[in-house]
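Right, one structure below, let's go through it.
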Amino acid sequence: MKHFNGKSSYLGRYDFWRLFIIGILVYIIIQIVYFSAWQTWFADKITLSTVIFIIINILYFVYDYIIGLKRFHDANRSTIFFVLCFISSFIVIGYIIRMVIYCQPSTHITSKNKNCSG
(Lines of atoms letter the chains of each structure in order from A; the text may use other names.)
(Lines give C-alpha, C1' and ligand atoms only; values in the text may rest on other atoms or scores of the structure.)
Protein backbone atom coordinates (compact mmCIF):
# COMPACT_ATOMS: atom_id res chain seq x y z
CA MET A 263 0.00 0.00 0.00
CA LYS A 264 1.45 3.29 -1.03
CA HIS A 265 -0.27 5.15 1.80
CA PHE A 266 1.50 3.44 4.67
CA ASN A 267 5.08 3.15 3.43
CA GLY A 268 5.90 6.84 3.68
CA LYS A 269 5.91 7.67 -0.04
CA SER A 270 2.46 9.25 -0.06
CA SER A 271 0.92 11.11 2.84
CA TYR A 272 -2.26 11.95 0.91
CA LEU A 273 -5.36 9.82 1.42
CA GLY A 274 -8.26 10.99 -0.71
CA ARG A 275 -11.89 10.10 -0.18
CA TYR A 276 -11.86 7.24 -2.69
CA ASP A 277 -8.71 5.69 -1.24
CA PHE A 278 -9.99 6.16 2.30
CA TRP A 279 -13.36 4.51 1.65
CA ARG A 280 -11.69 1.67 -0.21
CA LEU A 281 -9.36 1.02 2.75
CA PHE A 282 -12.19 1.53 5.25
CA ILE A 283 -14.52 -0.98 3.55
CA ILE A 284 -11.74 -3.51 2.98
CA GLY A 285 -10.79 -3.19 6.66
CA ILE A 286 -14.36 -3.77 7.81
CA LEU A 287 -14.79 -6.78 5.50
CA VAL A 288 -11.51 -8.33 6.67
CA TYR A 289 -12.49 -7.69 10.29
CA ILE A 290 -15.90 -9.32 9.80
CA ILE A 291 -14.37 -12.36 8.08
CA ILE A 292 -11.77 -12.74 10.84
CA GLN A 293 -14.50 -12.47 13.50
CA ILE A 294 -16.62 -15.12 11.75
CA VAL A 295 -13.63 -17.48 11.52
CA TYR A 296 -12.68 -16.73 15.12
CA PHE A 297 -16.14 -17.44 16.51
CA SER A 298 -16.44 -20.60 14.42
CA ALA A 299 -13.08 -21.79 15.72
CA TRP A 300 -14.00 -20.73 19.25
CA GLN A 301 -17.08 -22.93 19.25
CA THR A 302 -15.06 -25.84 17.88
CA TRP A 303 -11.67 -25.69 19.62
CA PHE A 304 -11.47 -22.87 22.15
CA ALA A 305 -14.66 -23.39 24.17
CA ASP A 306 -12.72 -25.00 27.01
CA LYS A 307 -9.72 -22.63 26.73
CA ILE A 308 -11.26 -19.33 27.78
CA THR A 309 -7.95 -17.55 28.46
CA LEU A 310 -6.44 -18.28 25.03
CA SER A 311 -9.62 -17.31 23.19
CA THR A 312 -9.88 -14.07 25.16
CA VAL A 313 -6.29 -13.13 24.30
CA ILE A 314 -6.88 -13.86 20.59
CA PHE A 315 -10.10 -11.84 20.66
CA ILE A 316 -8.37 -8.87 22.30
CA ILE A 317 -5.47 -8.98 19.81
CA ILE A 318 -7.87 -9.02 16.83
CA ASN A 319 -9.77 -6.03 18.19
CA ILE A 320 -6.63 -4.05 19.04
CA LEU A 321 -5.28 -4.58 15.51
CA TYR A 322 -8.53 -3.35 13.99
CA PHE A 323 -8.61 -0.40 16.41
CA VAL A 324 -5.09 0.64 15.35
CA TYR A 325 -5.94 0.21 11.65
CA ASP A 326 -9.11 2.30 12.00
CA TYR A 327 -7.23 4.94 13.99
CA ILE A 328 -4.44 5.26 11.40
CA ILE A 329 -6.64 5.62 8.33
CA GLY A 330 -9.07 7.89 10.19
CA LEU A 331 -6.27 10.15 11.35
CA LYS A 332 -4.88 10.39 7.81
CA ARG A 333 -8.35 11.24 6.48
CA PHE A 334 -8.88 13.94 9.13
CA HIS A 335 -5.49 15.40 8.24
CA ASP A 336 -6.41 15.54 4.54
CA ALA A 337 -9.78 17.12 5.39
CA ASN A 338 -7.80 19.82 7.25
CA ARG A 339 -8.94 18.85 10.74
CA SER A 340 -6.70 18.74 13.79
CA THR A 341 -5.45 15.64 15.54
CA ILE A 342 -7.11 16.73 18.78
CA PHE A 343 -10.46 16.96 17.02
CA PHE A 344 -9.97 13.44 15.65
CA VAL A 345 -9.03 12.04 19.05
CA LEU A 346 -12.12 13.65 20.63
CA CYS A 347 -14.34 12.24 17.87
CA PHE A 348 -12.68 8.83 18.15
CA ILE A 349 -13.16 8.70 21.91
CA SER A 350 -16.75 9.93 21.65
CA SER A 351 -17.55 7.33 18.99
CA PHE A 352 -18.71 5.13 21.81
CA ILE A 353 -21.61 7.57 21.79
CA VAL A 354 -23.43 7.68 18.46
CA ILE A 355 -22.81 11.40 17.87
CA GLY A 356 -19.02 10.97 17.75
CA TYR A 357 -19.35 8.28 15.09
CA ILE A 358 -21.70 10.48 13.05
CA ILE A 359 -19.24 13.40 13.22
CA ARG A 360 -16.42 11.11 12.06
CA MET A 361 -18.47 9.90 9.09
CA VAL A 362 -19.37 13.47 8.07
CA ILE A 363 -15.72 14.52 8.10
CA TYR A 364 -14.68 11.35 6.28
CA CYS A 365 -17.04 12.40 3.46
CA GLN A 366 -15.67 15.93 3.15
CA PRO A 367 -13.34 16.75 0.26
CA SER A 368 -9.61 16.85 0.87
CA THR A 369 -7.79 20.14 1.21
CA HIS A 370 -4.40 18.71 0.32
CA ILE A 371 -1.75 21.34 -0.41
CA THR A 372 1.45 20.15 -2.05
CA SER A 373 4.75 21.96 -1.72
CA LYS A 374 4.34 23.19 -5.31
CA ASN A 375 1.13 25.03 -4.40
CA LYS A 376 2.31 26.72 -1.20
CA ASN A 377 2.85 30.45 -1.36
CA CYS A 378 6.31 31.36 -0.13
CA SER A 379 6.81 34.86 1.17
CA GLY A 380 10.46 35.41 1.45
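Residues 263 to 380, numbered by my numbering, are exactly what the sequence shown covers, in order. Even for Gly, the Cβ is constructed at its ideal location relative to N, Cα and C. Computed from a prediction, not measured in an experiment: that's the story for all the values here.
S298 and L331 have their C-alpha atoms roughly 33 angstroms apart.
In chain order, F278 and R333 place their CB closer than 7 angstroms to the CB of Y364, counting only its own chain and leaving out the 5 sequence neighbours on each side.
A distance below 7 angstroms separates the beta carbons of Y322 and Y289. Straight-line spacing of the CA atoms in Y325 and L346 works out to 17 angstroms. Apart from sequence neighbours up to five positions away, the residues of its chain that approach F344 with a beta-carbon distance below 7 angstroms are G330, L331 and F334, ordered along the chain.
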